[in-house]
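The sequence shown lines up with residues 256 to 701 when you count with my numbering.
Ideal Cβ positions, reconstructed from N, Cα and C, are used throughout, including at glycine.
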Amino acid sequence: MKIKEEFANRIIEAAIEYGAEKAEVYIIRARSLSVESKNQEIDSLDTSSDFGYSLRIVREGRPGFSYSTSESDWRSVVEDALDTARFTERDLSIDIAEPLEDEDIEIYDPDVASADESRVFECARIVEDAAFRTDPRVKRIRKSEVSFSETEVLISNSRGLLKSYRSTAVTAQLMLAAENNGEAQMGWGYESGRFLRGVDFKRVGQEAALRAVRLLGAKRAETTKGFVLFESSVASELLSILSSSFSSENVQKGKSMLINKKNEKVFSELICIIDNPLLNEYTGSRPFDAEGIPSRKNIVVDRGVLKGYLYNLYTANREKVKSTGNAIRAGIQSPPSVGISNFYIESSSADHVKPYQELVESIDTGLIVTEAMGMHTANPITGEFSVGVTGLWVKNGKIEHPVKEAAISGNIMELFNRVVGFSDRVRFYGRVGSPDILIEGVDISG
């Protein structure tokens, strides 16, 4: 799998020859192999191979854009991009990247790239087997899926930039049901990484089983205001909602909780929030962004203070600042927007980082939230939310019983101002990561 540099250069040269002042081509080639299994047998097998490219140009200060999935259409792509520029407004903030050096990072695993169907199925079988071996109350597998993928990205532009990278990814996920005395509870497990060695397939099965089993015998929660320990998966959901507010694109459109708050204290002084695309083997890592800007670590919140937003070239030019290297592409069909890479929260104070069990023991009355339903309904602009949750009720530092049909409500900004502790492990769910987070004064409804 190799993108030809000559193909990219041909498109750039033609665009400039026919009147573009600036031109950039973005090319992506990807292939994936996914297996779903049930009862140790392959339930479905999906293979895909995709190729596409898009061209952005500027002509007389007006942007033009076109794309295709066929190499032979490249002349039409150039013509269409130049033609669309006739109908757009002049915009001097649109620009293309200068050729700058990138850092080397480890995001490509030959073992993933060369894996065949039998290897992927074996990994899915390990996930299932581990779940059943963990507890006899695990009765049904709803979905066990393992996916291997390989991607190549190339960017070339009329400023002389020409760069590319290859990456791989592995994802394993499991949904199952545990049953006891006529009651059933669901559990799930998930892991992802760039390298095969970074994904523990056995742990995915074990985690799904334990999540389901620990909820058997669930009772209603008390209605109170108390401590809530958000397990890392739920804390990551909260952070994912918050992440859109760090986008300069959303700030400029008035769709952020953090407008006009730069250099102000917005969260607890215990909180640091980081976007770092340079972490080896993480799924959000890449040497440069979707415009070719070199990747860099961005600390957006330090000790509770908002230090800045995330930018691509366009939004940076609008504010006369530098891009933070956060251009992303949803695909070839649209120009770059602003997005995260590896976005995570960590404690600014080692004194407030403790093992998970110690956090539980510090709770006099409260709830460990293991799952939140409807988190997507939270308002990304105001931060208001009200969601149904399941979890574990804690009294005097001990887990008393699992909880069902509970609800918590509040404001994400306020929650992150009431943080009192973190666990000692940050877990990533896709591109968003968090430790378990202990928060005081949360409204819990039974």
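Roughly how many whole angstroms lie between the Cα atoms of residue i and residue j?
{"i": "Gly-685", "j": "Ile-271", "result": "39 Å"}
{"i": "Arg-286", "j": "Ile-351", "result": "28 Å"}
{"i": "Tyr-591", "j": "Leu-471", "result": "The sequence given here has Pro at residue 591, not Tyr. One C-alpha to the other measures close to 46 Å."}
{"i": "Lys-508", "j": "Ala-464", "result": "44 Å"}
{"i": "Arg-466", "j": "Val-675", "result": "25 Å"}
{"i": "Thr-426", "j": "Leu-300", "result": "15 Å"}
{"i": "Val-624", "j": "Ala-490", "result": "9 Å"}
{"i": "Gly-547", "j": "Leu-409", "result": "9 Å"}
{"i": "Gly-646", "j": "Glu-407", "result": "41 Å"}
{"i": "Arg-317", "j": "Asn-666", "result": "42 Å"}
{"i": "Asp-544", "j": "Gly-559", "result": "27 Å"}
{"i": "Ile-784", "j": "Glu-383", "result": "Residue numbering for the chain in the displayed model covers 256 to 701; residue 784 lies beyond these limits and cannot be assessed."}
{"i": "Ala-263", "j": "Asp-357", "result": "20 Å"}
{"i": "Tyr-420", "j": "Thr-302", "result": "22 Å"}
{"i": "Arg-345", "j": "Val-576", "result": "20 Å"}
Under 8 Å from any heavy atom of the ligand GTP, does the C-beta of residue i make it?
{"i": "Val-624", "result": "Ligands are entirely absent from the displayed structure, and the ligand GTP is therefore not among its contents."}
Would residue i and residue j qualify as a contact pair, given that the criterion is a beta-carbon distance under 9 Å?
{"i": "Glu-276", "j": "Arg-314", "result": "yes"}
{"i": "Asp-244", "j": "Arg-284", "result": "As displayed, the chain neither begins before 256 nor continues past 701, which places residue 244 out of reach and without an answer."}
{"i": "Leu-693", "j": "Leu-614", "result": "yes"}
{"i": "Trp-648", "j": "Lys-474", "result": "yes"}
{"i": "Ser-495", "j": "Pro-690", "result": "no"}
{"i": "Gly-481", "j": "Phe-387", "result": "no"}
{"i": "Val-555", "j": "Ile-528", "result": "yes"}
{"i": "Arg-458", "j": "Val-367", "result": "no"}
{"i": "Leu-565", "j": "Val-593", "result": "yes"}
{"i": "Arg-219", "j": "Ser-292", "result": "An answer regarding residue 219 cannot be provided, because it is not within the stretch 256 to 701 covered by the chain."}
{"i": "Tyr-537", "j": "Ile-349", "result": "no"}
{"i": "Ser-700", "j": "Ile-663", "result": "yes"}
{"i": "Gln-428", "j": "Glu-405", "result": "no"}
Just curious, the alpha helix (DSSP H) that residue i is in, first and last residue?
{"i": "Ala-336", "result": "329-339"}
{"i": "Asp-557", "result": "Counting along the chain, Asp-557 falls outside any alpha helix (DSSP H), though it belongs to the beta strand (DSSP E) covering 553-557."}
{"i": "Asn-505", "result": "503-507"}
{"i": "Tyr-566", "result": "Where Tyr-566 is concerned, there is no enclosing alpha helix (DSSP H), given that its DSSP letter is neither H nor E."}
{"i": "Phe-683", "result": "Per DSSP, Phe-683 belongs to no alpha helix (DSSP H); it is in the beta strand (DSSP E), 682-684."}
{"i": "Asp-346", "result": "From DSSP, Asp-346 is part of no alpha helix (DSSP H); its letter is neither H nor E."}
{"i": "Arg-380", "result": "372-389"}
{"i": "Gln-588", "result": "Note, Gln-588: premise wrong, no alpha helix (DSSP H); not H, not E."}
{"i": "Asp-366", "result": "365-368"}
{"i": "Tyr-537", "result": "From DSSP, Tyr-537 is part of no alpha helix (DSSP H); its letter is neither H nor E."}
{"i": "Ser-488", "result": "487-498"}
{"i": "Val-615", "result": "611-616"}
{"i": "Met-512", "result": "From DSSP, Met-512 is part of no alpha helix (DSSP H); its letter is neither H nor E."}
{"i": "Glu-669", "result": "667-670"}
Exposed or buried, which one is residue i when buried takes at least 16 other CB atoms within 10 Å?
{"i": "Pro-391", "result": "exposed"}
{"i": "Gln-612", "result": "exposed"}
{"i": "Val-642", "result": "buried"}
{"i": "Gly-442", "result": "buried"}
{"i": "Ser-327", "result": "exposed"}
{"i": "Gln-588", "result": "exposed"}
{"i": "Asp-364", "result": "buried"}
{"i": "Gln-440", "result": "buried"}
{"i": "Ser-540", "result": "buried"}
{"i": "Ile-360", "result": "buried"}
{"i": "Ser-550", "result": "buried"}
{"i": "Asn-553", "result": "buried"}
{"i": "Asn-294", "result": "exposed"}
{"i": "Ser-402", "result": "buried"}
{"i": "Lys-609", "result": "buried"}
Quick check on the DSSP output: the beta strand (DSSP E) that includes residue i runs from which residue to which?
{"i": "Asp-690", "result": "Residue 690 is actually Pro in this sequence, not Asp. Run containing Pro-690: none; DSSP gives neither H nor E here."}
{"i": "Asn-264", "result": "First-last for Asn-264: 260-272, but that is the alpha helix (DSSP H), not the beta strand (DSSP E)."}
{"i": "Gly-652", "result": "Gly-652 -> no beta strand (DSSP E), and no H or E assigned at all."}
{"i": "Pro-318", "result": "317-323"}
{"i": "Leu-470", "result": "Note, Leu-470: premise wrong, no beta strand (DSSP E); not H, not E."}
{"i": "Asn-412", "result": "393-412"}
{"i": "Leu-300", "result": "296-314"}
{"i": "Glu-626", "result": "620-628"}
{"i": "Ile-283", "result": "277-293"}
{"i": "Asp-530", "result": "526-530"}
{"i": "Ala-433", "result": "417-435"}
{"i": "Glu-438", "result": "438-448"}
Leaving aside the five residues before and after residue i along the sequence, list all residues of the same chain whose C-beta is less than 6 Å from its C-beta, in chain order.
{"i": "Glu-279", "result": "Arg-311, Ile-351, Asn-412"}
{"i": "Val-468", "result": "Asp-390, Arg-392, Ala-433"}
{"i": "Glu-462", "result": "Gly-444"}
{"i": "Ile-362", "result": "Ser-422, Arg-449, Ser-540"}
{"i": "Ala-633", "result": "Ile-496, Phe-640"}
{"i": "Asn-505", "result": "Ser-499, Ser-511"}
{"i": "Gly-534", "result": "According to the sequence as given, residue 534 is Leu; it is not Gly. Same-chain partners within the cutoff: Ser-540, Asn-597."}
{"i": "Ser-321", "result": "Leu-310, Val-332, Asp-335, Ala-336"}
Kindly list the residues whose CB is nearer than 7 Å to the CB of residue i, restricted to its own chain and excluding five residues on each side of it in sequence; keep chain order.
{"i": "Gly-696", "result": "Lys-480, Arg-673"}
{"i": "Thr-706", "result": "Absent from the structure is residue 706, since the part of the chain shown begins at 256 and ends at 701."}
{"i": "Asp-394", "result": "The sequence given here places Lys at residue 394; Asp does not occur at that position. Ala-432, Ala-433, Glu-434."}
Here's a check: name, in chain order, each residue in its chain whose Cβ is nearer than 8 Å to the Cβ of residue i, leaving out the five neighbours to either side.
{"i": "Ala-661", "result": "Arg-475, Ala-476, Leu-622, Gly-643, Val-644, Thr-645, Gly-646, Ile-699, Ser-700, Gly-701"}
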